[in-house]
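Numbering (my numbering), first residue to last: 501 to 1047. Structure, as structure tokens:
Printed below as a string of structure tokens:
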């Protein structure tokens, strides 16, 4: 949009002194507003070194800084950074903390596993179980309870986790914020120095803030109250990490003399996509009411398509891709495991695509890991035992079924849909190999990072027309065409979402996925998968009415 601003953007940019909350809908130009407001502050006498711009990802901070420098014609001394990068610099300066004290991702996962194993919550290394526990610990540290564990359990979990970190002289990312808060509350001299340094604060993606982060930013803003926050409570999708979407909704009531600003115009999506997205998200009760309007001159396409069998759904996805060659296409799934099915089908049909796993190799967690380890032990221990001999001489599909029976997984799967989806993944994988030895070699290579599960000579660059990714990882992106597959109960919304607040977050996740679409949005679901019936998502009912 360059320097041309609409009326809503212009009002948001010209705001100078005091506190303001800016509700910015999808595609409404919030980054443009933030960068232009920084320039407006400087043009009106504010020193660049007194301006702090905070966002949630390093990529977003770099992008915003580059946008500002291009518009302003020079770097200046404005601080752009994430919460963690800004606060880590502060505690390094004032508390002598160094980089070696920050726990690595691998150390954090190993610590999480040690904690839940010691509590009898997880016997074997399981990515999803560990991730759930770490998210619960993070939520607790940030002042929010996680629904997955009772109070006594999470308190014990956090204590054991913190004790391990303390023994090893380590801190994690949540501790950075907590240490900063405690420093500012206990040391008035340091607080005044930081308040004088950062007199004007702008926060992007404020819907993702948690209570501790908000407390720190309020301390820095102090009595001057020059706190300007931008975001969209309808796109708050990180509750599982401790974010609290109500903090943005209630910002006006919790901050004195606060002005409310709204960016209503969506310049990204076609009118039909905006219309159905508005209708859908209006089902959420805990939100700031807003009606996004279209800033484009094209209608756009929106379709819901239901199929009797999942194979027909995958065929339709292939057709949509072929019908829209030359356009950017996002196939957005609720979880990585869902993307495997679509990716496998596209591979089988020689359709080039990119699939981001985001460190979620299926062979490194849960049932796939245990089954493969069982089969590998059969090779490593050729001792004449019945189980070993049977596994060795069966074809992969038969060997898999034997192991699933022996280990009791098939019986357990009748009560656990997530387990059933892991078993389906293994069955699809087993069909690809002529013998067990080849399958094991593939898994070993996969775990070493030698090959990609896409195994079709794809390179992971940004130039693929077709991208499969999770709805969470698609946040902030846009595509000409968006396909949302497998919109079934238990998948969307997730099977673990029961409480009203959890369902509202699932609805926001789906809303984020819908609003990635610029010109075409397709929502698909099937009523059967390999002979098993499944229900169409309630979300489709909310958009379509009875079906």
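Don't be surprised by glycine CBs; every beta carbon is placed ideally from N, CA and C. Please read these numbers as outputs of a predicted model, since none were measured by experiment.
Helix, strand or coil at residue 551 according to DSSP, with G and I counted as helix: Indexing the chain shown from 1 puts residue 551 at position 51. Residue 551: strand per DSSP, three-state reduction.
Here's a check: name, in chain order, each residue in its chain whose Cβ is nearer than 6 Å to the Cβ of residue 841, leaving out the five neighbours to either side. Within the chain shown, numbered from 1, the residue matching residue 841 stands at position 341. Here the set comprises nothing.
Mark residue 1039 as exposed unless 16 or more other C-beta atoms lie within 10 angstroms of its C-beta, in which case mark it buried. By one-based count along the chain shown, residue 1039 stands at place 539. Residue 1039 is buried by the Cβ-count criterion.
How far does the beta strand (DSSP E) with residue 1026 in it extend, from its first residue to its last? By one-based count along the chain shown, residue 1026 stands at place 526. Per DSSP, residue 1026 belongs to the beta strand (DSSP E) from 1017-1026.
Let me know if residue 613 comes out buried or exposed under the rule of 16 or more other beta-carbons within 10 Å of its beta-carbon. As a position in the chain shown, residue 613 is number 113, starting the count at 1. It is buried - the Cβ of residue 613 has at least 16 other Cβ atoms within 10 Å.
Mind listing, in chain order, the continuous alpha helix (DSSP H) runs of no fewer than 4 residues lying wholly within the segment 646-703? As far as the segment 646-703 is concerned, its whole alpha helix (DSSP H) runs of at least 4 residues are 651-667, 673-686, 688-697.
Using the Cβ count rule (16 or more neighbours within 10 Å means buried), how would you classify residue 850? The count along the chain shown starts at 1 and reaches residue 850 at position 350. The residue in question, residue 850, is exposed, as its Cβ has fewer than 16 Cβ neighbours within 10 Å.
The beta strand (DSSP E) with residue 762 in it runs from where to where? For the purposes of this step, residue 762 is taken as the residue at position 262 of the chain shown. Counting along the chain, the beta strand (DSSP E) containing residue 762 begins and ends at 759-763.
For residue 669, count neighbouring Cβ atoms within 10 angstroms of its own Cβ and tell me buried if that reaches 16, exposed if not. The sequence position of residue 669 within the chain shown is 169, counting from 1. It is exposed - the Cβ of residue 669 has fewer than 16 other Cβ atoms within 10 Å.
Using the C-alpha atoms, what's the distance from residue 1024 back to residue 685? By 1-based counting over the chain shown, the position of residue 685 is 185. By 1-based counting over the chain shown, the position of residue 1024 is 524. Rounded to the nearest angstrom, the two C-alpha atoms are 51 Å apart.
Quickly, what does DSSP pair residue 984 with across the bridge? List them, please. As a first step, residue 984 is located in the chain shown; it is residue number 484 there, counting from the start. BP columns for residue 984 point to 1023.
Identify every residue that forms a DSSP beta bridge with residue 728. To locate residue 728, count along the chain shown from 1; it is residue 228. When DSSP reads this structure, residue 728 sits in a beta bridge with 520, 702.
Less than 7 Å separating the beta-carbons of residue 830 and residue 662? Looking up residue 830 in the chain shown gives position 330. Looking up residue 662 in the chain shown gives position 162. No, the pair does not count as a contact, with Cβ atoms beyond the cut-off.
Assign residue 808 to one of two classes, buried (16 or more other C-beta atoms within 10 Å of its C-beta) or exposed (fewer than that). As a first step, residue 808 must be located in the chain shown, where it is residue number 308. Residue 808 comes out exposed.
Excluding five sequence neighbours on each side, which residues of the same chain lie with their C-beta closer than 8 Å to the C-beta of residue 792? Residue numbering aside, residue 792 sits at position 292 when the chain shown is read from its first letter. Within the same chain, and ignoring the five residues on either side of residue 792 in sequence, the residues whose Cβ sits closer than 8 Å to its Cβ are 525, 526, 528, 764, 765, 766, 774, 777, 778.
Residue 552 vs residue 698 beta-carbon contact at 7 Å: For the purposes of this step, residue 552 is taken as residue 52 along the chain shown, with counting starting at 1. For the purposes of this step, residue 698 is taken as residue 198 along the chain shown, with counting starting at 1. Yes, Cβ-Cβ distance for residue 552 and residue 698 is below 7 Å.
By DSSP, does residue 515 sit in helix, in strand, or in coil? Walking along the chain shown from the start, residue 515 turns up at place 15. Reduced to three states, the DSSP call for residue 515 is coil.
Residue of 913, 869, 981 minimising C-alpha distance to residue 943: Residue numbering aside, residue 943 sits at position 443 when the chain shown is read from its first letter. Taking only the C-alpha atoms, the option nearest residue 943 is 869.
Under a three-way DSSP split, which group does residue 717 fall into? As a first step, residue 717 is located in the chain shown; it is residue number 217 there, counting from the start. Here DSSP, grouped into helix, strand and coil, assigns residue 717 to helix.
Compare the C-beta of residue 643 against all C-beta atoms of chain D and say whether one is closer than 7 Å. Absent from the structure: chain D. Only one protein chain is present.
So what does residue 1036 bridge to, in DSSP terms? Mapped onto the chain shown, residue 1036 falls at position 536. According to DSSP, which records beta bridges pairwise, residue 1036 is partnered with 988.
By the three-class DSSP mapping on this structure, what secondary structure does residue 712 have? To locate residue 712, count along the chain shown from 1; it is residue 212. In this structure, residue 712 counts as helix in the three-state DSSP scheme.
Rounded distance between the beta-carbons of residue 711 and residue 599, thought under 8 Å: In the chain shown, counting from the first residue as 1, residue 599 sits at position 99. In the chain shown, counting from the first residue as 1, residue 711 sits at position 211. Actually they do not touch by this definition, with Cβ atoms about 27 Å apart.
Element boundaries [beta strand (DSSP E), containing residue 831]: Residue 831 sits at position 331 when you count from the first residue of the chain shown. Membership of residue 831 in the beta strand (DSSP E) is indicated by the continuous run 829-833.
Kindly indicate the opening and closing residues of the beta strand (DSSP E) around residue 1031. Here residue 1031 corresponds to residue number 531 of the chain shown, with the count starting at 1. Unbroken run through residue 1031: none, as it is neither H nor E.
For residue 608, count the other beta carbons within 10 Å of its own beta carbon; 16 or more makes it buried, fewer makes it exposed. Which is it? Numbered from 1 along the chain shown, position 108 holds the residue referred to as residue 608. Buried, because 16 or more other Cβ atoms sit within 10 Å of the Cβ of residue 608.
When the Cα of residue 898 is compared with those of 873, 878, 927, 907, which residue comes out closest? In the chain shown, counting from the first residue as 1, residue 898 sits at position 398. Nearest option by C-alpha distance: 927.
If I'm right that residue 784 touches residue 1019 with Cβ under 8 Å, what's the distance once you round it to whole angstroms? Position 284 of the chain shown, counted from the start, is the residue given in the question as residue 784. Position 519 of the chain shown, counted from the start, is the residue given in the question as residue 1019. That pair is no contact at about 26 Å.
Return the CA-CA distance between residue 635 and residue 543, expressed in angstroms with no decimal places. Translated into the one-based positions of the chain shown, residue 635 becomes position 135. Translated into the one-based positions of the chain shown, residue 543 becomes position 43. Taken atom to atom, the span from the alpha-carbon of residue 635 to that of residue 543 is near 43 Å.
Contact check, residue 972 vs residue 630 under 8 Å by CB: the rounded distance? Indexing the chain shown from 1 puts residue 972 at position 472. Indexing the chain shown from 1 puts residue 630 at position 130. Not really, about 18 Å apart at Cβ, beyond 8 Å.
Going by the CB atoms, is the gap between residue 746 and residue 709 shorter than 7 Å? What you label residue 709 is simply residue 209 of the chain shown in a count that begins at 1. What you label residue 746 is simply residue 246 of the chain shown in a count that begins at 1. For the 7 Å CB-CB criterion, residue 709 and residue 746 do not form a contact.
Under the three-state reduction of DSSP, which class applies to residue 776: helix, strand or coil? For this step, residue 776 is matched to residue 276 along the chain shown. It is helical.
Just to confirm, are residue 676 and residue 588 a CB contact at a threshold of 7 Å? Indexing the chain shown from 1 puts residue 676 at position 176. Indexing the chain shown from 1 puts residue 588 at position 88. Against a cut-off of 7 Å, the Cβ pair of residue 588 and residue 676 comes out as a contact.
Can you tell me where the beta strand (DSSP E) holding residue 610 begins and where it ends? Reading the chain shown from its first residue, position 110 is the one you call residue 610. Premise fails: residue 610 lies in the alpha helix (DSSP H), 605-618, not in any beta strand (DSSP E).
Rank 873, 789, 816, 757 by C-alpha distance to the C-alpha of residue 845 and give the top, closest one. By one-based count along the chain shown, residue 845 stands at place 345. Residue 816 is the option with its Cα nearest to residue 845.
From the DSSP secondary-structure annotation, give me the bridge partner or partners of residue 602. The count along the chain shown starts at 1 and reaches residue 602 at position 102. The bridge partners DSSP lists for residue 602 are 671.
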